[in-house]
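For reference, the structure discussed in these notes is given below.
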Amino acid sequence: MDGTQTRPLADSFSEVPHMVAQIPTAKTVLIVEDNELNMKLFNDLLEAHGYRTLQTRNGLEAIDIARAKQPDLILMDIQLPEVSGLEVTKWLKEDDSLRHIPVIAVTAFAMKGDEEKIRRGGCEAYISKPISVASFLDAIDGFLKETT
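For the sequence shown, counting from 1, position 132 maps to 132 in full-length UniProt numbering; every step adds exactly one.
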């Protein structure tokens, strides 16, 4: 015996549910992205950083998923096939049950004035592609760490 003592994590089983309840739940990010490689990259980065993800390649489906799952954040590709990501963001912000969810626009269009247009469209932030991994994660953390 080396003199060290081991102690149980809880004095009794009745304390375990209370202890589990204190473990923070992972924040959920809805990724709306039609490019398969970008979707995989965003998903892998977020999961490796401790976030849960929901995914769709369809802007219209994003509204239904957001209503059903109430994600903590939405990553919105601006150029989607069926409908613009800005249009989807507008619909999200018009819905009383969804307007509180921050939307970060992700787009390859990084022209002068685009950020202002995107923010006027209801997005709280803007990330241009190709992404910088550090900047991408900083932007996500900036919204989700505040609400922890």
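Glycine included, C-beta positions come from ideal geometry on N, C-alpha and C.
For clarity, every value in this text was computed on a predicted model and none was experimentally measured.
- Note on the stretch 72-101: whole alpha helix (DSSP H) runs with a minimum of 4 residues are 85-94, in chain order.
- In this structure, I140 lies away from L86, with their beta-carbon atoms at least 8 Å apart.
- Put simply, the backbone Cα of I101 is about 10 Å away from that of F143.
- When the Cα atoms are used, R52 and K69 turn out to be separated by approximately 12 Å.
- K129 is not a Cβ neighbour of A105, given a cutoff of 8 Å.
- Closest in C-alpha terms to L92, from the list L80, L60 and L41, comes L60.
- T107 is bridged by DSSP to S128.
- For E124, the CB contacts under 8 Å within the same chain, skipping 5 residues up- and downstream, are P102, V103, I104 and F143 in chain order.
- With contacts defined by Cβ atoms closer than 8 Å, D34 and L80 form a contacting pair.
- Here K27 is buried: its Cβ has 16 or more other Cβ atoms, across all protein chains shown, within 10 Å.
- In the DSSP assignment, I31 forms a beta bridge with Q55 and L75.
- Here G122 carries a coil assignment [DSSP, helix/strand/coil].
- Under the three-state reduction of DSSP, K145 is assigned to coil, being neither helix nor strand.
- Taking C-beta separations shorter than 8 Å and ignoring five residues to either side along the sequence, the partners of L54 in its chain run T28, V29, L30, I31, I65, K69 and P71, following chain order.
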